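Q: Residue numbers (the numbering used here), protein chains in the order written: chain R, 925 to 1283; chain X, 925 to 1283.
Attaching a single structure in structure tokens format; questions to follow.
There are 2 protein chains.
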Amino acid sequence: MNIGEIARRAGVSRSTVSYALSGKRPVSDDTRRKIQQVVDELDYQPSASARALANGRTSTLGLVFPPAGNHYTGMQLDFIGSVVEAAAVYDYDVLLSPSGVDSDRSFQRLLGERRVDGAILMEIKLEDDRVDHLAAVGFPSVTIGRTARPEGGWWVSLDHTALVEACVHHLADLGHRRVAFVNRPEQLLRAGYESAHRGLDGFTKAAAERGLTVRTYCCGDDAASGQACVERILRDDPATTALVTLNEAAVGGLYRGLALAGRHVPRDFSVTGVVAGHWAETVTPQLTAADVPAAELGRLAVDLLVERLDHPDAPPRHHLLTPPISLRASTGPAGATPAPDAGPAGATPVADAGLDTAP
Amino acid sequence: MNIGEIARRAGVSRSTVSYALSGKRPVSDDTRRKIQQVVDELDYQPSASARALANGRTSTLGLVFPPAGNHYTGMQLDFIGSVVEAAAVYDYDVLLSPSGVDSDRSFQRLLGERRVDGAILMEIKLEDDRVDHLAAVGFPSVTIGRTARPEGGWWVSLDHTALVEACVHHLADLGHRRVAFVNRPEQLLRAGYESAHRGLDGFTKAAAERGLTVRTYCCGDDAASGQACVERILRDDPATTALVTLNEAAVGGLYRGLALAGRHVPRDFSVTGVVAGHWAETVTPQLTAADVPAAELGRLAVDLLVERLDHPDAPPRHHLLTPPISLRASTGPAGATPAPDAGPAGATPVADAGLDTAP
DNA sequence: TAGCTTCGCCGAACCGGTTCGACGCAGCGA
DNA sequence: TCGCTGCGTCGAACCGGTTCGGCGAAGCTA
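Encoded structure:
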């Protein structure tokens, strides 16, 4: 069912069919109707490949995310979903590429074979070769997150520094003096992931401002690591009364570790951080946290990218979001109960999940 | 940087370049080397659009998943990730389409404009117009899940019936006599989602076999709904001592509701179901559950689809997986604590959208 | 040395759209 | 009645690959 067939049946030339469908040149009403009728009859839809070849645009966006050796977080999932749906609004499809570096075969195909008109990059690093590469060749792209030098770039980002600062101030306001920071896995920090670095910066800065005693930790993206991390925190400084985390996947383990150590949240210990909002409500006690507006970030990224594609010479734009902290049930005033005396965790009562939310 | 440019610089014809690169006809070593040198020098990669137009294959697979009005579950996320990575192994890219029905614009584009060589469909229904449509036009596709008449189709699926049966038997073996079933949202059940239906079937069947007293519920995909659902369960029959769920997103709320009602898991109340394994370990107590091998399902789906694309006349194949239940900490023997007195449970016939399957 | 293969390469057609220049024809004014 | 304008349509070229038929030169046999 190609355009030639339509043309034959409608008794016109191929170009007339093309113009009738695109509206790029006037076509008489009679002819247009005739063509439309044949098109409807045969349920004709022009081939994407042919169109892409002819006009050099694929109507496809690339979404580049790091290969999830293990699993994705709720945040990342929300991104993907919102990007796809936002793109659909503009009649763009979304091609997924699990690429961590620009030498990945998938990334090469995306760009080299010109499969996409533009790209959205997730989980970027402060020094990101993919971003540098795209900037160098002038390929239209938008990053979710920003590099160390975001000037002149197109991006949407969470202000992780400010968010973590806000978490620290929230805890300090509640009277906490000894606070731990639970970051993403060490491997990601080493690799230079921006959220891990900027979050850590914010933590350090705010803690200094408030004169807090702090320790920072890296923690694997899973429950077991979270649990182990809490054990270390309480071993390193049993007087710790609160923690801030960027690690959504570890929160379940953090909670469990605290419960096993006999620390009740929020009575004895406060937990806060930066996670997806809807997810913060699934844990008990519900997590006081800066809710990541993943859907909005995804949508904004698509808006920006489409604008950039439509206006190649438009000056760079960006959005830096700083969602407020949603107060839920996982933080409370420090010192309501004196921290259990330092001794080894041998005193641990309760091996019970800490599910009690009784008053 | 097109093939003509390469040909000029190498001093050969375009067809020779094509053959040298594809290997579909012999080319002398000298010529091949010369061409390869120019290709390397200019970092030439053939245009995907042009190639797709010429040979009718896009090297792209479509992944059709339901638009997440709200959010995706960990399971779905794992699917997407594993499909993309498995496809990359075969040098296929993956195009995402958020389509619930075959009239969705995105779905139409995928097929009508021939953007993909084949499609993988997620979250299918017992009667699924997308599946019927694809079968009718002979479009190569594989479903994750199966319709009411899976014969002759290509699919990979979890045996939800068997999995839920196993959960019920597990609970019955522990002595539970009054068990509730927490299904996906009512809207999905009505729409005919196969996991919801087959899971319910398995529950009903196994409960009958074991002579259990049961009630079934639908539950929204979020924590608040889970909490409300537990409240209803305990109101409808306070003697209930266990539940089985297919609703991953609700588990956090179920746990919370039980805690608020003073039921300790697993001492007073057992919880089990079908969820992503890594996720089951993030909740406390860790969930005894049939672990959904999402990554394996995704990989198998891609394997099948690629096989179908490579051998258009191959007979249909499928994989039905029945992962074992992983015993964790959320189930235990019934009757450790006598259930609070029965109350008016018998009198409450429950107005659950006709979804209750009580004896 | 004539005749036949075989090898390696070329030219042209094709995939299915888009787009540009040109052309026929109707309507208009002079 | 002639010439001009402008609308509507057509034909051809092009996008960048793939593929088929054929042709010239080299190598072989008779």
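Note that the Cβ used here is the ideal one computed from N, Cα and C, for glycine as well.
Bear in mind that the values here come from a model prediction, so they are computed numbers and not experimental data.
Just to make sure I have the definition right: I need the residues of chain R whose C-beta is within less than 7 Å of the C-beta of X/E1037. Which are they?
A: Q969, P970, S971, A972
Q: Helix, strand or coil for X/I1068? Go by DSSP, reduced to three states.
A: strand
Q: So that I know if they touch, is there some Cβ in chain X lying closer than 8 Å to that of R/E1231?
A: With 8 Å as the cut-off, R/E1231 does not count as an interface residue toward chain X.
Q: Going by CA-CA distance only, name the one from X/V1018, X/A1258, X/T1208, X/R981 that's closest to X/L1136.
A: With distances taken between Cα atoms, X/L1136 lies closest to X/A1258.
Q: Using a threshold of 8 Å, state whether the C-beta atoms of R/V1092 and R/V1216 are closer than that.
A: In this structure, R/V1092 lies away from R/V1216, with their beta-carbon atoms at least 8 Å apart.
Q: Using 8 Å as the threshold, is the C-beta distance between X/S1194 and X/S1254 below it?
A: yes
Q: Taking only three categories from DSSP, how would you classify X/P1262?
A: The predicted model places X/P1262 with a pLDDT of 48, which falls under 50 and marks its position as unreliable, so this point remains unresolved.
Q: For R/P1022, which residues in chain X fall below 8 Å Cβ to Cβ?
A: G1005, V1008, E1009, A1012
Q: Taking Cβ positions, are X/V1175 and X/Y1141 nearer each other than 8 Å?
A: no
Q: What residues of chain X sit near R/S1030, judged by a beta carbon separation below 8 Å?
A: A1012, D1017
Q: If you reduce the DSSP assignment to three classes, tell me which class X/I1288 lands in.
A: The structure shown has nothing for residue 1288 of chain X, since chain X only spans 925 to 1283.
Q: How big is the Cα-Cα spacing for R/A1012 and R/R932?
A: Spanning the two alpha carbons is a distance of roughly 33 Å.
Q: So, is X/H1235 buried or exposed, given that buried needs 16 or more other C-beta atoms within 10 angstroms?
A: exposed
Q: Around the Cβ of X/K948, are there at least 16 other Cβ atoms within 10 angstroms (buried) or fewer (exposed)?
A: Answer is exposed; the Cβ neighbour count stays below 16.
Q: Whole angstroms is fine: what's the gap from R/A976's alpha carbon to X/E1118's?
A: 38 Å
Q: Hey, quick one: how far does the alpha helix (DSSP H) through X/A1011 stretch, first residue to last?
A: 998-1013
Q: Quick one: does R/G1069 have its CB under 8 Å from some CB of chain X?
A: Interface criterion not met: the Cβ of R/G1069 is under 8 Å from no Cβ in chain X.
Q: Would you say R/G1197 reaches chain X, if we count a Cβ-Cβ gap shorter than 8 Å as a contact?
A: no
Q: Which residue's Cα is closest to the Cα of X/Q969: R/L1034, R/R1108, R/E1231?
A: R/L1034
Q: Express the C-alpha separation of X/L1020 and X/G1004 in angstroms, rounding to a whole number.
A: It should be pointed out that residue 1004 of chain X corresponds to Ile in this sequence rather than to Gly. Each residue's Cα considered, the two are about 9 Å apart.
Q: Could you tell me whether the segment 1087-1101 of chain R touches the segment 1053-1072 of chain R, using the rule of 3 or more Cβ pairs below 8 Å?
A: no
Q: First and last residue of the beta strand (DSSP E) that includes X/R1102?
A: 1102-1107 is the span of the beta strand (DSSP E), which, as asked, contains X/R1102.
Q: Within 10 angstroms of the Cβ of R/S1027, are there 16 or more other Cβ atoms? Answer buried if so, exposed if not.
A: exposed
Q: What does R/P991 touch in chain X if you count any residue whose Cβ is under 9 Å from its own?
A: G1005, V1008, E1009, A1012
Q: What does the alpha-carbon distance come out to for the pair R/P1262 and R/V1154?
A: Caution applies to R/P1262, whose pLDDT of 48 falls short of 50 and renders its modelled position unreliable; the value that the coordinates give is listed next. Approximately 19 Å, taken between the alpha carbons.
Q: Closest Cβ-Cβ distance between X/T1246 and chain R: below 8 Å?
A: No, its Cβ sits nowhere closer than 8 Å to a Cβ of chain R.
Q: Threshold first: 3 residues or longer. Then list the beta strand (DSSP E) segments lying entirely within the segment 1160-1222 of chain X, N to C.
A: 1166-1169, 1194-1200, 1212-1216
Q: Just list the residues that DSSP pairs R/V1080 with in beta bridges.
A: R/I1068, R/H1243
Q: Quick check on X/E986: does DSSP put it in helix, strand or coil?
A: Here residue 986 of chain X is Gly; the residue named in the question, Glu, does not match the sequence. Strand at X/G986.
Q: May I ask you to list the residues that DSSP assigns as paired with R/L1098?
A: In DSSP, R/L1098 forms no bridge with anything.
Q: Kindly identify the DSSP beta-bridge partner or partners of X/S1022.
A: Contrary to the premise, residue 1022 of chain X reads as Pro rather than Ser in this sequence. Bridge partners of X/P1022: X/F989.
Q: Nearest-angstrom Cα distance between R/F1031 and X/F989?
A: 23 Å
Q: What are the residues of the segment 1087-1098 of chain X that lie near chain R, defined by any Cβ-Cβ distance shorter than 8 Å?
A: none
Q: Under 8 Å between the Cβ atoms of R/R1252 and R/N1171?
A: no
Q: Tell me whether R/G935 is buried or exposed, calling it buried when 16 or more other Cβ atoms sit within 10 Å of its Cβ.
A: exposed
Q: Indicate whether R/P991 and R/G1024 have their beta-carbon atoms separated by less than 8 Å.
A: Here R/P991 is near R/G1024, since their CB atoms are less than 8 Å apart.
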